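Okay, so here's the structure we're looking at.
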Amino acid sequence: MPAHRLPTRLRAPRPVRLAVRLAMLGVLVTAAAVVWVAMPVPAGPQAGYAGPTAGPTRSLVQRMLDAHDCSVTGFPEDVVPGSAVVRSATGRLHHVSFETGWRVYTRHGAAQLVAVCRDQPPTARG
């Protein structure tokens, strides 16, 4: 066999192979992150969101939402909510801090988040 012939199987140096594998892993992780971020967020009672109810209590809920400048669907990104309206397990409405409303929303317990509001909760007012 002449000395000028190349081996039949070329193999990249180990650092190059490692770099290619890391790049492939980065692409895979990025794709997984994009899919995770793009997943829809559930809404409705199963997600801890109660929203205004129909029937006789609707007027009470609507008055509370109007009094505290609340939204049942949220605000634009540049608006930071200061408070929330939650419905307790017994059905009573409470105007609470946004942090308390967020805890109610994420715990998925008997209490439910009804709306987020622009004004401050009662204890934070001067």
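Numbered by this note's numbering, the letters in the sequence shown go through residues 17 to 142 in order.
Cβ coordinates follow ideal geometry from the N, Cα and C atoms, glycine included.
Bear in mind that the values here come from a model prediction, so they are computed numbers and not experimental data.
For residue 127, which three-state DSSP category applies?
On the sequence shown, position 111 is the one that residue 127 refers to. If DSSP states are grouped into helix, strand and coil, residue 127 belongs with coil.
Residue 90 vs residue 102 beta-carbon contact at 9 Å:
Residue mapping note: residue 90 aligns to position 74 of the sequence shown, counting from 1. Residue mapping note: residue 102 aligns to position 86 of the sequence shown, counting from 1. Their beta carbons are not under 9 Å apart, which means residue 90 does not touch residue 102 by this criterion.
Specify the secondary structure class of residue 100 as computed by DSSP and reduced to three states.
On the sequence shown, position 84 is the one that residue 100 refers to. Reduced to three states, the DSSP call for residue 100 is strand.
Simplified DSSP state of residue 109, which is helix, strand or coil
Here the question's residue 109 lines up with position 93 in the sequence shown. DSSP places residue 109 in strand when its eight states are reduced to three.
Start-to-end residues for the alpha helix (DSSP H) that takes in residue 45
Your numbering for residue 45 matches position 29 in the sequence shown. Element bounds for residue 45: 30-54.
I believe residue 126 touches residue 114 by the beta-carbon criterion, under 8 Å. Please report the beta-carbon distance rounded to the nearest angstrom.
Taking the sequence shown and counting its residues from 1, the one referred to as residue 126 is at position 110. Taking the sequence shown and counting its residues from 1, the one referred to as residue 114 is at position 98. At roughly 20 Å, the Cβ-Cβ gap does not stay under 8 Å, so residue 126 and residue 114 are not in contact.
Where residue 77 sits in the DSSP three-state scheme
Translated into positions along the sequence shown, residue 77 becomes position 61. Correct three-state label for residue 77: helix.
One or two residues paired with residue 120 in a DSSP bridge:
The residue labelled residue 120 in the question sits at position 104 within the sequence shown. Looking at the DSSP assignment, residue 120 forms no beta bridge with any residue, so it has no partner.
Quick one, are the C-beta atoms of residue 112 and residue 92 less than 9 Å apart?
By 1-based counting over the sequence shown, the position of residue 112 is 96. By 1-based counting over the sequence shown, the position of residue 92 is 76. Not closer than 9 Å, so no.
When the Cα of residue 131 is compared with those of 80, 87 and 27, which residue comes out closest?
Counting from one through the sequence shown, the residue named residue 131 turns up at place 115. Minimum Cα distance to residue 131 is reached at 87.
Report the option in 98, 94 and 75 whose CA atom is closest to the CA atom of residue 84.
Translated into the one-based positions of the sequence shown, residue 84 becomes position 68. Residue 84 has its Cα closest to that of 98, out of 98, 94 and 75.
Check each candidate in 109, 45 and 105 and name the one with the smallest Cα separation from residue 75.
Counted from its first residue, the sequence shown places residue 75 at position 59. Out of 109, 45 and 105, 109 has the C-alpha closest to the C-alpha of residue 75.
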